[in-house]
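Just so you know, the protein sequences line up as chains R and X, in that order. Using our numbering, the first residue of the first sequence is number 5, and each one after it goes up by one. Using our numbering, the first residue of the second sequence is number 5, and each one after it goes up by one. Input: a single structure, listed below in structure tokens.
2 protein chains.
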Amino acid sequence: MGLQFEEDEFLACCGSTKFAKEMAKASPFSSLDEAVTAAREIWFNQVDVNAWLQAFSAHPQIGHSSSSSNATSAQWSKGEQATALATATNSSLQELSEWNAKYRQKFGFIFLICASGKSTDGILAELKKRYPNRPIAEFEIAAQEQMKITELRLVKLFSTKENVTSTCN
Amino acid sequence: MGLQFEEDEFLACCGSTKFAKEMAKASPFSSLDEAVTAAREIWFNQVDVNAWLQAFSAHPQIGHSSSSSNATSAQWSKGEQATALATATNSSLQELSEWNAKYRQKFGFIFLICASGKSTDGILAELKKRYPNRPIAEFEIAAQEQMKITELRLVKLFSTKENVTSTCN
Chain R
5 MGLQFEEDEF
15 LACCGSTKFA
25 KEMAKASPFS
35 SLDEAVTAAR
45 EIWFNQVDVN
55 AWLQAFSAHP
65 QIGHSSSSSN
75 ATSAQWSKGE
85 QATALATATN
95 SSLQELSEWN
105 AKYRQKFGFI
115 FLICASGKST
125 DGILAELKKR
135 YPNRPIAEFE
145 IAAQEQMKIT
155 ELRLVKLFST
165 KENVTSTCN
Chain X
5 MGLQFEEDEF
15 LACCGSTKFA
25 KEMAKASPFS
35 SLDEAVTAAR
45 EIWFNQVDVN
55 AWLQAFSAHP
65 QIGHSSSSSN
75 ATSAQWSKGE
85 QATALATATN
95 SSLQELSEWN
105 AKYRQKFGFI
115 FLICASGKST
125 DGILAELKKR
135 YPNRPIAEFE
145 IAAQEQMKIT
155 ELRLVKLFST
165 KENVTSTCN
């Protein structure tokens, strides 16, 4: 007997509908570890490149607030960027915004980074370091960052459910 | 002084509008070699993953005739598939069509192969071999196949222009 989840809950972890469907099919999961293993397999080996692009487009530009229609995703995104926002100055936010635009122009999708615990300067340095990459290399790096974000969100999703379950017991 | 080309001529070589624009910007080319070197640099290092997907979608499914709006591209595609069509049987075409559908379902784009000189059985064997690949690996292989097709088409484009030039002299 494991924890059962809805497609929408997985969609809050990763904005690809294919990913969310496959995760819902693979659930219930008996543990968080089992869910993370399934998520990695689905994300890296099963969903196609269009699913990656769809998931990327569900994120707000880093330094901006989320416009996601998924309320949970928007709320989590805000939390993940908390350190960046706390360490931001007007000029660093301006520079980040300019580099974001430059990145999007080159790669055709937004700059994606697992921002939890990272300062604005740290994020900006990472963006500048990744910018010279070949588009296909950067595409795969962005997918790895998405997976890191998904894993952190799965942890949150499980802790919410476990709390609910223990409250009910 | 080199040969001057229009964007549309490059679009017949590779159906990405970004690629065609960049090639037109980089021309005139003093030789075919120079054009091929520029094309590789633009295709692998400059255009983004959306441009790759756009180029893939300009091809007919292998074993089918082209629906490309670019007449030159449609004609070249027919020539490239001549060996495959000459060696095809009803049952091999049927099997190819089924595997094409399976491939598209998994990867989100059509199976792309530089078909020049390849039999239907050879193409089918290659499709089955590539099918188990991870989506991101297959995406890059498809881009390499697209580049082979582009190179063959650049050869044709140059030979047409050189004939015209020598006729005019």
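Built from N, CA and C at the ideal position, the CB exists for glycine as well.
For Glu13(X) and Leu161(X), the rounded distance between their alpha carbons: For the purposes of this step, residue 161(X) is taken as the residue at position 157 of the second sequence. For the purposes of this step, residue 13(X) is taken as the residue at position 9 of the second sequence. Using only the alpha carbons, I get a separation of about 8 Å.
CB contact check: Asn173(X) to chain R, cutoff 8 Å: Numbered from 1 along the second sequence, position 169 holds the residue referred to as residue 173(X). Because Asn173(X) carries a pLDDT of 46, less than 50, the predicted location of this residue cannot be relied on, and the following value inherits that uncertainty. No, Asn173(X) lies away from the interface with chain R (no Cβ there is under 8 Å from its Cβ).
Cβ-Cβ separation, Gln79(R) to Leu116(R) (assumed contact under 8 Å), whole Å: As a first step, residue 116(R) is located in the first sequence; it is residue number 112 there, counting from the start. As a first step, residue 79(R) is located in the first sequence; it is residue number 75 there, counting from the start. No, Leu116(R) and Gln79(R) are not in contact; Cβ-Cβ is about 18 Å, not under 8 Å.
Under 8 Å (Cβ pairs) to chain X, residues found in the region 129-150 of chain R: Arg138, Pro139, Ile140, Phe143, Glu144 and Ala147
Sequence-distant residues of the same chain with beta carbon closer than 8 Å to Leu158(X), five excluded per side: The sequence position of residue 158(X) within the second sequence is 154, counting from 1. Cβ neighbours of Leu158(X) beyond the five flanking positions: Cys17, Leu36, Ala39, Val40 and Ala43.
Cutoff 6 Å; reference Asn173(R); Cβ partners in own chain excluding five residues on either side: Here residue 173(R) refers to the residue found at position 169 when the first sequence is read from its first residue. Legend: pLDDT at Asn173(R) = 46, less than 50; position of this residue unreliable, value from coordinates given subsequently. Counting only Cβ-Cβ distances below 6 Å, and skipping sequence neighbours, we find nothing.
Nearest-angstrom beta carbon gap, Ala62(R) and Ala88(R) [assumed within contact, 8 Å]: Indexing the first sequence from 1 puts residue 88(R) at position 84. Indexing the first sequence from 1 puts residue 62(R) at position 58. Not quite, the Cβ-Cβ distance comes to about 18 Å (not below 8 Å), so this is no contact.
Beta bridge counterpart(s) of Phe33(X) as assigned by DSSP: Translated into positions along the second sequence, residue 33(X) becomes position 29. The partner list for Phe33(X) (beta bridge, DSSP) reads Leu7(X).
Interface positions of the region 19-37 of chain R facing chain A (Cβ-Cβ less than 8 Å), listed along the chain: Judged by its chain identifiers, the structure shown contains no chain A, and its protein chains are R and X.
Chain-order list of residues whose beta-carbon lies under 6 Å from that of Glu155(R) (same chain, five-residue window excluded): Counted from its first residue, the first sequence places residue 155(R) at position 151. Here the set comprises Val40.
Beta-carbon neighbours of Asn49(X), restricted to chain R and to distances below 8 Å: Residue 49(X) sits at position 45 when you count from the first residue of the second sequence. Under the 8 Å cutoff, chain R gives Arg138 and Pro139.
Cross-chain neighbours of Lys110(X) in chain R, by beta carbon under 9 Å: On the second sequence, residue 110(X) is found 106 positions in, with the first residue counted as 1. Correct list: Gln50 and Asp52.
Residue from Ser72(X), Ile66(X), Lys110(X) and Lys133(X) whose Cα sits closest to the Cα of Leu100(X): The residue given as residue 100(X) occupies position 96 in the second sequence. The candidate whose alpha carbon is nearest that of Leu100(X) is Ile66(X).
As assigned by DSSP and simplified to three states, the class of Gln58(X): Position 54 of the second sequence, counted from the start, is the residue given in the question as residue 58(X). Looking at Gln58(X) - three-state DSSP - the assignment turns out to be helix.
Residue closest to Ile46(R), alpha-carbon to alpha-carbon, out of Phe60(R), Thr93(R), Val53(R) and Met27(R): To locate residue 46(R), count along the first sequence from 1; it is residue 42. When each option's Cα is compared against that of Ile46(R), the closest is Met27(R).
Phe23(R) and Gly6(R) closer than 8 Å at C-beta: Stepping through the first sequence from its first residue, residue 23(R) is reached at position 19. Stepping through the first sequence from its first residue, residue 6(R) is reached at position 2. Contact flag unset, no.
Nearest-angstrom beta carbon gap, Thr93(R) and Ser123(R) [assumed within contact, 8 Å]: Stepping through the first sequence from its first residue, residue 123(R) is reached at position 119. Stepping through the first sequence from its first residue, residue 93(R) is reached at position 89. 11 Å between Cβ atoms; not a contact.
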